[in-house]
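Participant: Residue numbers (this note's numbering): 41 to 481.
1) Is residue 231 closer than 8 Å to residue 288 when the C-beta atoms are compared?
2) Alpha carbon to alpha carbon, how far is residue 383 from residue 194? Give it in angstroms, no decimals.
3) List the DSSP bridge partners of residue 216.
4) Quick check: the Cα distance between residue 200 and residue 159, rounded to an integer number of angstroms?
5) Looking at C-alpha atoms only, which residue of 226, 359 and 377 is the closest neighbour of residue 367?
6) Going by C-alpha to C-alpha distance, which of 387, 102 and 324 sits closest to residue 237?
7) Only counting the same chain, and skipping five residues up and downstream in sequence, which positions put a Cβ closer than 6 Å to that of residue 447?
8) Would you please state the rounded distance, in angstroms, between the beta carbons of residue 295 and residue 225? I believe it to be under 8 Å.
9) How should residue 417 be labelled, buried or exposed, when 16 other C-beta atoms within 10 angstroms of its C-beta is the threshold for buried?
10) Look up residue 222 in the DSSP assignment and say whether it is helix, strand or coil.
11) Indicate the three-state DSSP secondary structure (helix, strand or coil) for residue 338 in the structure shown.
12) Determine the burial state of residue 402: buried for a count of at least 16 other Cβ atoms within 10 Å of its Cβ, exposed for fewer.
13) Where do the N-terminal and C-terminal ends of the beta strand (DSSP E) with residue 176 fall, by residue?
14) Using CA atoms only, rank isn't needed, just tell me which of 470, 164, 298 and 218 is closest to residue 395.
15) Please report how far the alpha carbon of residue 355 lies from the alpha carbon of residue 273, in whole angstroms.
16) Which whole-angstrom value describes the C-beta separation of residue 256 and residue 391, a residue pair presumed to lie in contact below a C-beta threshold of 8 Å?
17) What are the boundary residues of the beta strand (DSSP E) that includes residue 136?
18) Under a three-way DSSP split, which group does residue 103 fall into?
19) Indicate whether the contact test is met: 3 or more Cβ pairs, each with one atom in the region 338–352 and one in the region 421–432, closer than 8 Å.
20) Which ranges does the beta strand (DSSP E) cover as unbroken runs of at least 3 residues, wholly within the region 335–400, from first to last along the chain?
21) Under a three-way DSSP split, which group does residue 450 fall into?
22) Here's a check: name, in chain order, each residue in its chain whose Cβ is nearer than 8 Å to the Cβ of residue 104, leaving out the five neighbours to either side.
23) In the DSSP output, which residue or residues are listed as bridge partners for residue 237?
24) Do we get a CB-CB distance below 8 Å when we pair residue 185 with the residues of chain D?
25) Considering only residues of the same chain and omitting the five flanking positions on each side of residue 399, which have a CB-CB separation below 6 Å?
26) With 16 as the cutoff for other CB atoms within 10 Å, does residue 259 come out buried or exposed?
27) Would you kindly work out how many angstroms separate the C-alpha atoms of residue 466 and residue 111, rounded to a whole number?
28) From what residue to what residue does the alpha helix (DSSP H) around residue 148 run?
29) Nearest to residue 451 by CA position, among 319, 131 and 242, is which residue?
30) Tell me the residue span of the alpha helix (DSSP H) that contains residue 410.
31) Residue 83 and residue 128: beta carbons closer than 8 Å?
32) Answer with buried or exposed for residue 312, where buried requires no fewer than 16 other C-beta atoms within 10 angstroms of its C-beta.
33) From which residue to which residue does the beta strand (DSSP E) around residue 199 run?
34) As a quick exercise: from 131, 169 and 357, pick the residue whose alpha carbon is nearest that of residue 556.
35) Just to confirm before moving on: does the CB-CB distance between residue 424 and residue 397 stay below 8 Å?
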């Protein structure tokens, strides 16, 4: 495809300004053409697999509303067909003309931003194919931030960010795979700290609750940064705390389902026919909670599983509420059970959405003190502790029953799933305080 960032003839209406390359001394200065896109000129972009409205808007430094306005065929919330050509309105970010010898790392150092951010902003052309004269977008935004909550956060973003965080905060962050999903995606666990008390938090058991993944990843980044730089995190000495506590986080238990919700179903998917049938012929998967085999992963655990099956009454695989053919039949649930057995956590938190509630009990198996911890978590976050009945086979239920230790389901945010990213900042304020309180409980 023709790269929309190629500078030739009258294709670019950049304002030319001078920029001194910090890599050269006064006698070897060279000028670089950079500017801000102006003149109201539109670019063309061909939709690729994995693209969504928010991801394209983020990568081009524009708002989703601007992108919709320029492309009236698009519908908010609908998957974008691969191959269609979008019109991209001008952005306010810096634009830069490639010079001889430029590399991704060189531009990263030149502009003081992550190499991955430069690459993501210019996805139409890999760095190996850059040639002098090509126009690249240099994204503006929060400096040095890795985790980005401006667009859908899926398996690819998670894998990329885990690698970047482990590289930047090598003494604070450790990441490894604890298993694979149905489609072979890694189920990633991240370790913070080396303390003797080992606790756990997870997110995105349910596909359309993927916002919990980016909430947890934002916490990982903030905690790691504070620990390495000897900073307080919300008035907590996190570096000291992480000598007393080890926190294992599994941000995305259900990566296949998350991708399906965010990107929709495409013809090349290996389970295309089965998923379409399970979804009653609809191509909209925004309400999908299950994994790609139509099994609700939070109804998969051996804690009165048979009763949950009877209560649900779901005849077979589908978007939600089918507990599967047997407990732990799904690789994602089995991986979580094995990881929990391996680590012997002292406390677990399962993040879901929505309702701003904390479920802390299970059939009387919960240990003394669980209600008190729930009360303190509620005070920290503003969420309401709830004594729950009529629910079985969830991860928290199984953990409490199997280990007789405190386990909590956190219903973050409020509204209709999937919760919009506009809620992220408010939700994060609640969750960061809740996680810190759990680490200190």
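No residue lacks a Cβ here, since even glycine has one placed at the ideal position from N, Cα and C. Values in this document were obtained by computation on a predicted structure and should not be read as measured data.
Facilitator: Taking the structure as given:
1) yes
2) 26 Å
3) Per DSSP, the beta bridge partners of residue 216 are 229.
4) 12 Å
5) 377
6) Taking only the C-alpha atoms, the option nearest residue 237 is 387.
7) Close CB contacts of residue 447 within its chain, under the 6 Å cut and outside five residues either way in sequence, are with 388, 436, 439 and 440 (chain order).
8) 4 Å
9) Residue 417 is buried by the Cβ-count criterion.
10) Note: residue 222 maps to coil in three-state DSSP.
11) Three-state result, residue 338: helix.
12) buried
13) For residue 176, the enclosing beta strand (DSSP E) stretches over residues 175–178.
14) 470
15) 47 Å
16) 7 Å
17) 134–137
18) coil
19) yes
20) Here the runs fully enclosed are 387–393 and 397–399.
21) strand
22) 93, 94, 97 and 116
23) 285
24) Absent from the structure is chain D; it holds one protein chain and no more.
25) The beta carbon of residue 399 lies closer than 6 Å to those of 426, 428 and 449 in the same chain, with the five residues before and after it left out.
26) buried
27) Approximately 31 Å, taken between the alpha carbons.
28) Element bounds for residue 148: 144–151.
29) 242
30) 410–421
31) yes
32) Counting Cβ neighbours within 10 Å, residue 312 comes out exposed, since fewer than 16 surround it.
33) Segment 195–208 is the alpha helix (DSSP H) holding residue 199; no beta strand (DSSP E) there.
34) No answer is possible for residue 556: the residues shown for the chain start at 41 and end at 481.
35) yes
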